[in-house]
Amino acid sequence: MIDIKVKGLSELQKVLDTLPEKIERNILRGALNAGAKPLLNAAKQNCPTGEPSDYGKQQYKLYNGALRDSIRISGRFDARRGAVISRIVAGGKSRKTGADVFYAHMIEFGTKPHSLTKGGKGEKNHPGTSPKPFMRPALDSESFNSVIETGEYIKKRLLTKHGIDTSDINLGVDLE
333 MIDIKVKGLS
343 ELQKVLDTLP
353 EKIERNILRG
363 ALNAGAKPLL
373 NAAKQNCPTG
383 EPSDYGKQQY
393 KLYNGALRDS
403 IRISGRFDAR
413 RGAVISRIVA
423 GGKSRKTGAD
433 VFYAHMIEFG
443 TKPHSLTKGG
453 KGEKNHPGTS
463 PKPFMRPALD
473 SESFNSVIET
483 GEYIKKRLLT
493 KHGIDTSDIN
503 LGVDLE
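The opening residue of the sequence shown carries number 333 in our numbering; numbering runs sequentially from there.
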């Protein structure tokens, strides 16, 4: 097991705690989005692409690269928990293209063999698919960069928007 220690985040948190809650929330929203960008780029780079079937093109408006194009950053504020939430999402229906990428989880995790007819009975059976993970490898490869990007965004935002000098706070990751 690897222990990871991130240096400098507790000092940044102390500075953020001195600010009004609304400003802190806005800074954190931007910081989480900045930290999610390395993950987003890696997930898009890892994402498999392929030519969809004629049925998929007609029924779901799919095209080569629809899954990759569906990967995005989603963020919100959870008022009940007082938490800013940011996540990388794949799939769903695109407002821009109309493509319905309902199968993102099936690509990431694979599927077991199953029937293609209603009720699960019939001759048409799908052999299943092997997993082709693209989200998890992105997290594995870019997690350190993501944490550092988040901290650097906070430092820059505090300096440029609020005049708070955080140059004495050094961010880093130690593996133990």
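Note that the Cβ used here is the ideal one computed from N, Cα and C, for glycine as well. In this text the structure is predicted, and so the values were computed from the model without any measurement.
Ranked by how close their Cα comes to the Cα of Q345, the residues G495, V505, L490 and D506 have L490 in first place. For A422, no alpha helix (DSSP H) segment is defined, and its DSSP state is neither H nor E. Remark: three or more beta-carbon pairs, one from each stretch, lie closer than 8 Å, so the stretch 356-375 and the stretch 404-423 are flagged as touching.
Residue pairing for V416: DSSP places it in a beta bridge opposite F409. Judged by DSSP in its simplified three-state form, K488 adopts helix. Contact between A375 and T482 does not hold, since their C-beta atoms are separated by about 17 Å, which reaches or exceeds 8 Å.
Leaving aside the five residues that flank H446 on each side, the residues in its chain whose CB is nearer than 6 Å to its CB run, in chain order, H458.
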